[in-house]
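All the letters of the sequence shown, read from the start, carry residue numbers 0 to 478 under numbering that gives the first Met the number 0. We put the CB at the ideal spot given by N, CA and C, even for glycine. Being a predicted model, the structure only gives us computed values, none of them experimental. Worksheet: one structure, shown below.
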Amino acid sequence: MLPIVMDPRLCAGCRFVFEDPKHSQLRDSNRPAPLRHDYFASSVHHKSAQSFRSAVDSQCPICVTLFLLNCGPDSTPPLGDPAANEYSTYNIDYGCGDPLFKPPKLPRFSITFFIGKVNFAVGGPRYLKLNSLHPSDVTKTLVPSTTISELDHLQTCIQECISSHPTCRPPPSLRFRYPTRLLRVNKPTDTHVHLIETTTTPIDGPYNVLSYRWGAFQPVKLLKSTNPTFLTAGIPLLSLPQTLIDAITTTRSMSIAHLWIDALCIIQDSPSDWASEARTMADVYGNAHASLAASHNTDSNGGLFPKRPASSRGRPTLIRFPTSPEWDLPYHDFQLVEHNFWNNRVEDAPLNTRGWVVQERILAPRTIHFGFDQPLFECRETRLSQTRVDLSIGQSYRRLILPARARFERRPRAFAKYWAAVVQYYTGRELSFGSDRPVAIAGIARALQATGAKKARYIAGMWSTRLLRWLLWETEGGG
Numbered sequence: 000m001l002p003i004v005m006d007p008r009l010c011a012g013c014r015f016v017f018e019d020p021k022h023s024q025l026r027d028s029n030r031p032a033p034l035r036h037d038y039f040a041s042s043v044h045h046k047s048a049q050s051f052r053s054a055v056d057s058q059c060p061i062c063v064t065l066f067l068l069n070c071g072p073d074s075t076p077p078l079g080d081p082a083a084n085e086y087s088t089y090n091i092d093y094g095c096g097d098p099l100f101k102p103p104k105l106p107r108f109s110i111t112f113f114i115g116k117v118n119f120a121v122g123g124p125r126y127l128k129l130n131s132l133h134p135s136d137v138t139k140t141l142v143p144s145t146t147i148s149e150l151d152h153l154q155t156c157i158q159e160c161i162s163s164h165p166t167c168r169p170p171p172s173l174r175f176r177y178p179t180r181l182l183r184v185n186k187p188t189d190t191h192v193h194l195i196e197t198t199t200t201p202i203d204g205p206y207n208v209l210s211y212r213w214g215a216f217q218p219v220k221l222l223k224s225t226n227p228t229f230l231t232a233g234i235p236l237l238s239l240p241q242t243l244i245d246a247i248t249t250t251r252s253m254s255i256a257h258l259w260i261d262a263l264c265i266i267q268d269s270p271s272d273w274a275s276e277a278r279t280m281a282d283v284y285g286n287a288h289a290s291l292a293a294s295h296n297t298d299s300n301g302g303l304f305p306k307r308p309a310s311s312r313g314r315p316t317l318i319r320f321p322t323s324p325e326w327d328l329p330y331h332d333f334q335l336v337e338h339n340f341w342n343n344r345v346e347d348a349p350l351n352t353r354g355w356v357v358q359e360r361i362l363a364p365r366t367i368h369f370g371f372d373q374p375l376f377e378c379r380e381t382r383l384s385q386t387r388v389d390l391s392i393g394q395s396y397r398r399l400i401l402p403a404r405a406r407f408e409r410r411p412r413a414f415a416k417y418w419a420a421v422v423q424y425y426t427g428r429e430l431s432f433g434s435d436r437p438v439a440i441a442g443i444a445r446a447l448q449a450t451g452a453k454k455a456r457y458i459a460g461m462w463s464t465r466l467l468r469w470l471l472w473e474t475e476g477g478g
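Structure (structure tokens):
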């Protein structure tokens, strides 16, 4: 029988998960087919917290993932019960999920890890699953981080999106125009960034936008008093919070000359300027090259980049299982991923609890989410992790993707259904000021009018074509 081929970074405990002789029927080609299609087992993963922590320190990719999910990057594992002789355990479930399963259909694997008692505190055990890889995907995932940097990967994602995704292009009716103000960041050696007014300063080329949480305090803001200085002398780079510095250096690395940041491009103590700029968000985000989203931070001091060792980046965990004789290939490859990989880094991240971020994310044609351990790419047609294996867009978010004009022309009721989905998603988010509620979604309304809603008038979060229906709303749970 051919051996299982595993990622060499795996610790002894993780290797045993797949090598345990009790699991031999997973790969025993001589057993009757039905017995190979459903299998369940459980065993010890690590006997002590010290063993688990040692595996984390040695950069075992599975243990590092479990540690980050259960404990957090700045925590230590709970001690567990020394008398139990088992610190972490696992369940492994193998099957096809379909009684009509026949090769070459691909099997499924799921692994549930239980670490001490921490899983009860965070809402249950953490799941990992083995995703079946098409042979063409294997070469993509095996590219080491030393030859292709994270930035190169993101640049490739963006260029593929621009060249081949019609859905991600702005509608023709959304006229391209630059924001009123931009930061000029194109000089890598410059210790200052310079605020420019696009109506008086000739500019060319794309610009990025930053999506982030201010937190309790934003140390540097554009004010009536600072506007002249920002326009002439510029803004000292080192006076800015780390997230803004990282956004500037990332934009420079992408060879993009300009960046839009709300705190520095809207006069914060001018109600008239704030109101005027708020009306342009459909243009600001819709025309951007990319949105840089500081997804994992609760304020502007955390930076974009995760604090993780370089050895843990850039390569997925691959398991290569020998197959049965009826399969075409001697091996089949699987990638080990978290069950809630995307949600853990994006949907449930601190940034995406903000109400303003809903329109920032929907309006931007493409977003780079800087998660707690890696950046992820999202556009209206695809999602990609650092390892370039496609992550399907979930149905709950797919319905929020800004639709093309043709969709509304073919299905008039689709317009109302889309807006209802946006409002439902939006009202589950937080706003610091109740007065922002209609403003923080108005950019989506303006973009909708550019994609086929010109016959409807937008009225305080509702549309004139179905106004009576929109007025018949209620809160969930009777609250």
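Starting from the Cα of Gly-354, find the closest Cα among His-191, Arg-428, Thr-225, His-152 and give me that residue.
-> The closest CA to that of Gly-354, considering only His-191, Arg-428, Thr-225, His-152, is found on Arg-428.
In its own chain, which residues sit with a C-beta less than 7 Å from the C-beta of Thr-138, not counting the 5 before and 5 after it?
-> At Thr-138, the pLDDT of 41 sits below 50, so the modelled position is not reliable and the matter cannot be decided from this model.
How many Å lie between Ala-215 and Ser-294 at the Cα?
-> One C-alpha to the other measures close to 17 Å.
Would a C-beta distance cut-off of 7 Å place Pro-437 and Glu-149 closer than the cut-off?
-> No.
Indicate the three-state DSSP secondary structure (helix, strand or coil) for Tyr-86 in the structure shown.
-> Per DSSP, reduced to three states, the secondary structure at Tyr-86 is coil, with no helix or strand assignment.
Bridge partner(s) assigned by DSSP for Val-356 | Its beta-bridge partners do not exist; DSSP assigns none.
Specify whether the segment 339-357 and the segment 284-299 touch according to this definition: at least 3 beta carbon pairs, one from each stretch, less than 8 Å apart.
-> Touching, per the Cβ criterion.
Is the CB-CB distance between Ile-367 and Ala-289 below 7 Å?
-> Going by C-beta atoms, Ile-367 is nearer than 7 Å to Ala-289.
Indicate whether the contact test is met: 3 or more Cβ pairs, each with one atom in the segment 253-272 and one in the segment 219-229, closer than 8 Å.
-> Enough Cβ pairs lie closer than 8 Å, so yes.
Per the contact definition of three or more C-beta pairs closer than 8 Å, is the segment 433-447 in contact with the segment 273-288?
-> Under the three-pair Cβ rule at 8 Å, the segment 273-288 counts as touching the segment 433-447.
Give me the Cα-Cα distance between Val-192 and Tyr-211, rounded to the nearest whole angstrom.
-> Taking the straight line from one Cα to the other gives about 19 Å.
Could you round the C-beta distance between Ala-420 and Leu-401 to whole angstroms and report it? I think they count as a contact, below 8 Å.
-> Not a contact, Cβ separation roughly 12 Å.
With a threshold of 16 other CB atoms inside 10 Å of the CB of Phe-112, please say whether the residue is buried or exposed.
-> Flag for Phe-112 reads buried.
What are the partner residues of Thr-366, as DSSP defines its beta bridges?
-> DSSP lists Ser-290, Glu-377 as partners of Thr-366.
Might you give, ordered along the chain, the residues of its own chain that have their beta carbon closer than 8 Å to the beta carbon of Gly-301, omitting 5 neighbours on each side?
-> For Gly-301, where only same-chain residues beyond five positions count, the Cβ hits under 8 Å are Gln-241, Thr-242, Ala-293, His-295.
Apart from the five residues just before and just after Thr-190, which ones in its own chain have a Cβ nearer than 8 Å to its Cβ?
-> Once the five neighbours on either side are set aside, the close Cβ partners of Thr-190 are Pro-235, Leu-236, Leu-237.
What does a CB cutoff of less than 6 Å around Tyr-177 pick up in its chain, not counting 5 residues either side in sequence?
-> The beta carbon of Tyr-177 sits closer than 6 Å to the beta carbons of Thr-197 from its chain, once the five residues preceding and following it are set aside; these are given in chain order.
In terms of residue numbering, what span does the beta strand (DSSP E) encompassing Ile-195 cover?
-> Boundaries of the beta strand (DSSP E) around Ile-195: 191-196.
By Cβ distance below 7 Å, which residues in the same chain neighbour Glu-276 in space, the five residues on each side in sequence not counted?
-> Answer for Glu-276: Thr-179, Ile-265, listed in chain order.
Where does Ala-459 sit, in a helix, a strand or coil, going by DSSP?
-> Of the three classes helix, strand and coil, the one that applies to Ala-459 here is coil, per DSSP.
List the DSSP bridge partners of Met-5.
-> As computed with DSSP, Met-5 is found in a beta bridge with Ile-318.
Segment limits, beta strand (DSSP E) that includes Asp-209 | The sequence as given places Leu at residue 209; Asp does not occur at that position. Here the beta strand (DSSP E) through Leu-209 covers 206-210.
Alpha carbon to alpha carbon, how far is Thr-426 from Ala-246?
-> When the Cα atoms are used, Thr-426 and Ala-246 turn out to be separated by approximately 28 Å.
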